[in-house]
Every structure is written in structure tokens, then in C-alpha cells.
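First up is the structure itself, then whatever we jot down about it.
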Amino acid sequence: MTIIDGKALSAKIKERVKKDCEELIAKGIKPTLAVILVGEDKASQTYVASKEKACIAAGMGSVMHRLGEQTTQNELLSLIEVLNKDDSIHGILVQLPLPKHLDTNEVLRRIDPNKDVDGFHALNVGKLNSGLDGFVPCTPLGIMEIFKEYNIDLVGKNALVIGRSNIVGKPMAALLLNAGATVTIAHSKTKNLAQISRSMDIIVVAIGKPKFLSADMVGEGAIIIDVGINRLDDGSLCGDADFEAIKDKCSFITPVPGGVGPMTIAMLLSNTIKSAKNELRA
Ligand code: GUN
């Protein structure tokens with residue numbers, strides 16, 4: 632059984648980003664990410680601060696826009712428009728979830744698809760589903776890097792994605808399918824999940840329920856990718872998989888923390904570099 636080291640792999644990717652960044656700066660382009668945070672959500676504040684720190688550590692530019700809870704849809708759209716037109720900005724990320732009075736779909740639609748480093752714009756979603764090159768959401772993209780790093784061949788494998796969010800589940804399923812896996816998508820309404828999951832070669836669980844994936848749901852030798860980050864009452868973090876109960880059954884498993892989590896920001900930086908390189912070609 633191998634415990635996947637997402638921290639080490641993310642450090643490796645960040646080193647690559649740093650080198651690419653230096654090369655772009657030498658050519659007169661400073662890869663820069665603009666992040667918009669609306670409101671006071673504590674978890675979002677933490678995520679956004681980590682994104683800013685990682686950009687700076689990689690030598691990239693970081694522009695933060697912290698907007699009040701009462702920001703109107705028009706104010707937010709105007710800011711996006713300004714960032715879309717600003718040639719010094721290569722990536723635009725609107726931290727989700729937005730306050731309830733704002734229309735998330737319209738906000739995402741107004742981000743220039745060429746600067747959509749989150750890969751949430753419908754054009755990029757469509758490209759991913761058509762197998763075309765575009766921006767891919769950072770967490771599933773990070774998971775594909777894990778498969779590559781650990782030489783996990785996906786062709787013909789039975790892969791189960793538990794969770795159908797636009798941020799993780801759906802793009803993950805598309806990536807696995809594009810890579811030649813046979814993909815099943817399960818979610819909170821799926822019947823007989825344990826029966827389905829036991830026969831799977833690969834299980835990606837992103838359902839947001841602590842220790843949801845139990846030992847009886849996992850077959851011998853399965854590869855488990857745990858996207859969950861749940862805080863327990865005692866303050867500790869745990870994933871969507873019951874790590875201790877299933878680890879000896881698996882061939883590979885990602886821990887929480889230190890598995891998938893660190894990959895997300897690394898891929899955000901990587902996507903921003905990709906956008907800056909596109910400018911070079913334009
Ligand atoms: N909220 C939770 N995950 C994400 C993410 O990957 N991107 C953005 N923009 N918001 C999020």
C-alpha cells in the first residue's frame with residue numbers, strides 16, 4: 632500500500648511553475664492572478680490567503696480584490712470587466728460560494744474564458760467534455776497529476792466518482808473518461824453504492840461527508856482518491872474516506888491532509904502560467 636504524498640508532488644509542481652515564471656518574466660510577461668473575494672466567509676478567507684501566498688512564493692503577481700458582503704451584481708460584473716481588459720492580468724478567480732444575492736452562473740459566464748484559470752466558464756466546461764484544450768478545474772487536474780506521478784494507468788480501468796459537483800465530480804469524470812477509463816458517477820441519491828464501489832479499480836470520493844467511504848465499500852487493491860476536507864468536533868481534519876479502516880485494503884490512498892488538498896493551489900498556479908504562455912503565442 633502506498634500513501635500518496637500530495638505535499639511533495641505539489642512542491643515539485645510549484646518549482647516547475649517558479650522556473651516557468653522566471654522565463655516569462657525574462658520575456659517581459661509577469662504571470663499575474665487576480666482573485667476576487669466577496670463577503671466574510673471564514674473558510675474562503677483562508678483559501679484566498681493561501682492562494683495569494685502561493686502566487687508570491689512562485690514569483691508571480693497577485694492582485695486581491697476583497698469586496699463587502701453587500702456588493703451588487705453590477706459592481707462585481709464591472710470589476711470582472713476591468714480585469715478582463717487588463718493585459719497585465721492572466722488569471723481571474725472568483726472565490727465561491729458567493730453571497731446568496733449574487734448570480735454565480737452569470738458571474739462565471741462574464742469571466743474571459745482565456746483568463747478562466749478555475750475552468751468554470753461554460754466554454755471551458757464544453758472544451759473539457761469535447762476533449763479539447765482549455766482550462767480544467769484545479770482539483771481534478773491535480774488528481775490527474777497524481778495518477779501521472781505514481782504511474783497509475785487509467786486505460787480500461789473501472790473508475791467511480793462519488794459526487795457530482797461542477798468543481799470536482801463532473802470535471803473529474805470527464806478527465807477520467809478522456810483518459811480511457813470506464814467511468815461511473817455516483818451521488819447522494821445513488822442506490823446500492825457499496826455494491827457498485829466494491830468492484831471498482833479507482834474511487835474518487837468528493838461528497839463532503841466525513842469517513843463516508845467505509846471498508847465494506849472498497850475492494851482489495853483499489854486506488855482511493857479522497858477529495859474531502861471535513862473538520863471534526865475535536866478540531867482535527869478528516870477526509871470523505873475512513874482512512875484507518877480502508878488503508879490496508881488499498882494499493883494507493885491519498886491522506887487528508889497532505890493528499891489532494893495541496894495539489895489544488897499548485898494547479899491554479901500552473902493554469903495561470905498556461906494563460907501567460909498563451910499571451911506569448913497570441
Ligand atoms: N471554492 C471551493 N473550491 C473552489 C475553487 O476551486 N475555486 C473557486 N473559485 N472557489 C472555490
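Positions in the sequence shown are counted from 1; adding 631 to them yields my numbering. Virtual Cβ for every residue (Gly too), placed ideally from N, Cα, C. Because the structure is a prediction, the values reported are computed rather than measured.
Beta-carbon spacing of residue i, residue j below 9 Å
i	j	result
Asp717	Ala665	yes
Val713	Met695	no
Ala872	Gly859	yes
Val887	Thr770	no
Ile798	Ile723	no
Beta-bridge partners of residue i, as assigned by DSSP
i	result
Gly722	Leu664
Asp651	In the DSSP output, where bridge partners are listed per residue, Asp651 has none listed.
Ala817	Ile793
Burial state of residue i, where buried means 16 or more other Cβ atoms lie within 10 Å
i	result
Ile774	buried
Asn755	buried
Val784	It is worth fixing the name first, because residue 784 is Asp in this sequence and not Val. Under this definition Asp784 is an exposed residue.
Thr703	exposed
Gln701	exposed
Lys673	exposed
Lys682	buried
Leu806	buried
Distance cut-off 8 Å: residue i Cβ against heavy atoms of ligand 1
i	result
Val738	no
Pro888	no
Thr903	no
Ile798	yes
Val814	no
Gln826	no
Own chain partners of residue i with C-beta closer than 6 Å, once the 5 adjacent residues on each side are dropped
i	result
Cys686	Leu664 and Ser693
Ile833	Lys788, Ala790 and Ile854
Close beta carbons around residue i, own chain, < 7 Å, minus the five adjacent residues each side
i	result
Leu900	Lys645, Val648, Ala685, Cys686, Ala689 and Met691
Arg944	Since the first and last residues shown for the chain are 632 and 913, residue 944 lies out of range.
Lys801	Arg795
Spatial neighbours of residue i in its chain, beta-carbon cut-off 8 Å, leaving aside the 5 residues before and after
i	result
Val738	Gln704, Leu707, Leu708, Ile711, Val725 and Leu729
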